Amino acid sequence: MLFMGDLENGVLGKENVAGDNGNESFKDEIDVICYALDHVDQEIFVFRPSGELVYTNQPGKDRFHLPENLAGIYAWTLDPTLTLESWNKRIQPVRECGENFESMLYLNRPGGGCDVLKMFAHSTIRVSGEELIWVFGRDVSLHVKNENRIKELNSIMNTVLDNIPVYLFVKDAGPEFRYVYWNKAFETYSHILRENALGKTDFEVFPNQKDAERFRRDDKELLRTGKDIEFLETYETKKGEIRTVKTLKTLVRNDSGEPCFLVGVSWDITDLKSTEQELVKARLKAEQSDKLKSAFLANMSHEIRTPLNAIIGFTRLVAETEDASEKDYYLNIVENNSELLTQLINDILDLSRIEAGSLEFVYKPVSIRELCLKIQEVHRVRMKEDVQLEFEDGGLNTHVLTDGNRLFQVISNLITNASKFTAKGFIRFGYQQVGDFIEFYVADSGCGIPKDKVPTIFDRFTKLNTFAQGSGLGLAICKMLVEKMGGNIFVQSEEGRGSIFKFTIPYQRITIETDMNDMENNEIKENVSVGRTILVAEDVESNFLLLKAIIGKTYTLLHAWNGKEAVEIYEQSLPDLILMDIKMPEMDGLEATRIIRKVSQEIPIIALTAFAFDDDRVKALEAGCNDYLTKPLSAPLLKETIAKYLV
């Protein structure tokens, strides 16, 4: 525009308007213009190209506290960040191309805070030909403050939305339902980056097209009904994981009530579902355990009472009869049932230790051939009259690293099991090398196993014949022991034609150099020296009398009723060996052993206890005992153990 008038030091010259023609009407118009300029809500500044300020309206004067006379005031007076060079650079496009210049001017208030002016500039040419730069400023402090507040709130909201553990997504409300928002949680769980999802449809985002079709179907249903929907759904991630989510979808409408966005909130409940499934499994397992417990107690009650009834009944008959042959017959029945009851208790203890993870395995060099020969010797005398026990030597006369006691137990259990169902014929056992394993087998010519019973033959409390003696735990224990030793067990059977049980253990061959003197020392000494003295620490009289009956004719026995007496008698009599009960009044056997060990490290101490767990054995050995025998005592084993130390 062209400005009709003179500008001199910030004063609009009314007297020189229109060539001094004295037109009062025109002067009035100038007054109106001046009044208007002074009362607009913008600051107006007029600069010469040199940067000199030649005019500003009243708001401009008030803003910068300018005097009426503007002489000597330049653009960089108002904005200290400006220099002549930067001023020329800013106004160059305004002067040459007529482009509007726009910038923000930040002014610090004396009392604190900041005002923000949004500045616009353009150039005009006066009648006289002088060029002027007009700058219009508007106070946008409140607008900028609100914008910054909005940015701050958006930042807070984005931080919250990106850190809450739920999926948040927003789509266009049709027709393709493209994603416009995708939060961090969705990115983390789905393994799909938000930049790979924004602006795309479900068919472009998700690898499984069936997932995308289901999502699209739900979106269309929401758009059709306008009602929020909530449901469970699954989807496949980029990594192939299947996630389960609970989703709520709703519509966002504009002022006209038209749907503009679809908002979805999904809670990932994959872990929750897994936990629920585990709880269901745990509940079912607990219920099954309760049933097994009830079945176990009922079964054990029967199995314990059966041999106990025979033991009590025939013991009374022994006392009543005078016939020697009848006594032998009755005592044989008592002995057999005692062994049966002992085996039952051992099975129960083994089962509990295996399940508790407390059963220890001691791996030592074991001669497989010698172990099998010993098993044959033990079981041969127990075979029925018409059943032959045969050992087939696999020709593997070597030592392997394994737990000999557990291996003995497994083979013995299998032979015992076979003998129950073999009335006549044979029971044959042996071993052979198969790759990196040794395979053992126990075959019989018995009645065999029905086909439908084979899959459950190694389950606990499984009995082919409910009238047969036994707890139904033997084969289950065999399976557990074999697997603990790193092998497998299986059965081949045909009803009416016998069975063959096979199991494997890892073949860890080792070389043993056997000293002939050691072999001699390991032999059982039948003729131990008579006259040796043994101190028996036992608080139960019947237990002492039993020991006296077993070894009293061979050794001189001293009796201590508790651990304290045992220490005193040892110091007075210096016996050759001590049989130490563990649980006794006043002082237990472990404490007594520790005290005696302070005096002597040579005296053999054999622990005798009803505590049958492996950790009890460890405690006894740590206290200083040389060996450990559990009650009920086996007379041959007791004699053998004593002879081992008194040679």
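Going left to right, the sequence shown walks through residues 5 to 651 as the numbering used here numbers them.
Glycine included, C-beta positions come from ideal geometry on N, C-alpha and C.
All values reported here derive from a predicted model rather than from experimental measurement.
1. Let me make sure I understand the geometry here. Which of R221, D32, L411 has the alpha-carbon closest to that of K378?
2. Just verifying my parser: in three-state terms, what is the DSSP assignment at I1?
3. Mind checking R464: buried by the 16 CB within 10 Å criterion, or exposed?
4. What does a CB cutoff of less than 7 Å around R52 pick up in its chain, not counting 5 residues either side in sequence?
5. Can you check which of these residues, E151, T205, A189, is closest to K175 by C-alpha distance?
6. Can you tell me the Cα-Cα spacing of V164 and L157, whole angstroms?
7. If you scan the segment 318-384 from start to end, which runs of the beta strand (DSSP E) of 3 or more residues do you find wholly inside it?
8. Buried or exposed, going by whether 16 or more other CB atoms sit within 10 Å of the CB of S54?
9. Give me whichever residues DSSP pairs with A611 in a beta bridge.
10. Assuming V414 is part of the alpha helix (DSSP H), what are its boundary residues?
11. Which residue's Cα is closest to the Cα of E106: G141, T81, Q576?
12. Between which two residues does the alpha helix (DSSP H) carrying Q213 extend?
13. How many Å lie between A480 and T460 at the Cα?
14. When you compare each of L121, L363, E89, Y193 to P63 by their alpha carbons, which one comes out closest?
15. Between R67 and E89, which are expected to be in contact by the criterion C-beta below 8 Å, what is the C-beta distance as a whole number of angstroms?
16. For the candidate residues D407, E330, N547, whose alpha-carbon lies nearest to that of G1?
17. Ignore the nearest five residues each way along the sequence and tell me which others in T238's own chain have a CB closer than 7 Å to its CB.
18. Under a three-way DSSP split, which group does D620 fall into?
19. Say whether the segment 279-298 touches the segment 177-187, bearing in mind that this needs 3 or more beta-carbon pairs closer than 8 Å, one atom from each stretch.
20. How would you call H4, buried or exposed, if buried means at least 16 neighbouring beta carbons within 10 angstroms?
21. Keeping to the same chain, check which residues put their C-beta closer than 7 Å to that of E191; ignore five residues upstream and five downstream.
22. Please classify N525 as buried or exposed, where buried requires at least 16 other C-beta atoms within 10 Å of its C-beta.
23. Rounded to whole angstroms, what's the CA-CA distance from V540 to A564? Just pull it up for me.
24. Give me the Cα-Cα distance between L578 and D631, rounded to the nearest whole angstrom.
25. According to DSSP, is R536 part of a helix, a strand, or is it coil?
26. Going by beta carbon distance, what residues of the same chain come within less than 7 Å of L202, once the five residues before and after it are set aside?
27. Excluding sequence positions up to five away, which residues of its chain have a Cβ less than 7 Å from the Cβ of D222?
28. So, using beta-carbon positions, are F430 and Q380 closer together than 8 Å?
29. Pick helix, strand or coil for N61, following the three-state DSSP scheme.
30. Based on the DSSP secondary-structure assignment, which residues constitute the bridge partners of T560?
31. In terms of residue numbering, what span does the alpha helix (DSSP H) encompassing F190 cover?
32. Once you ignore the five residues that flank S270 on each side, which residues in its own chain have a CB closer than 6 Å to its CB?
33. Helix, strand or coil: which one does DSSP assign to M489?
34. In the DSSP assignment, what residue or residues form a beta bridge with A510?
35. I need the straight-line Cα distance from V438 to G361, nearest angstrom please.
36. Is the segment 444-455 close to the segment 323-337, with three or more CB pairs under 8 Å?
By the coordinates alone:
1. L411
2. Residue coverage of the chain in this structure runs from 5 to 651, which leaves residue 1 outside it and unanswerable.
3. Under this definition R464 is a buried residue.
4. V58, L136
5. T205
6. Answer to the nearest angstrom: the Cα atoms are 10 Å apart.
7. Here the runs fully enclosed are 368-371.
8. exposed
9. A611 is bridged by DSSP to M584, Y632.
10. 408-424
11. G141
12. 213-229
13. 10 Å
14. For P63, the nearest C-alpha among the options comes from L121.
15. Not a contact, Cβ separation roughly 25 Å.
16. Limits of the chain in this structure are 5 at one end and 651 at the other, which puts residue 1 out of reach.
17. I246, R247, T248
18. helix
19. By the Cβ criterion, the segment 279-298 is not in contact with the segment 177-187, since fewer than three pairs of Cβ atoms, one from each stretch, lie closer than 8 Å.
20. Because residue 4 is not part of the residues shown, which for the chain are 5 to 651, the question remains open.
21. L197, R198
22. Note that N525 scores 44 on pLDDT, short of 50, meaning its location in the model is unreliable; the coordinates nonetheless yield the value given after this. N525 comes out exposed.
23. 6 Å
24. Between L578 and D631, the C-alpha separation is close to 19 Å.
25. coil
26. Y183, V184, W186
27. I233, K253
28. no
29. In the three-state reduction of the DSSP assignment, N61 falls in the coil class, being assigned neither a helical nor a strand state.
30. Note: T560 sits in a beta bridge opposite T537.
31. For F190, the uninterrupted alpha helix (DSSP H) segment begins and ends at 188-194.
32. Y171, V249, T251
33. coil
34. Just to set this straight, residue 510 is Pro in the shown sequence, not Ala. The partner list for P510 (beta bridge, DSSP) reads F441.
35. 29 Å
36. no
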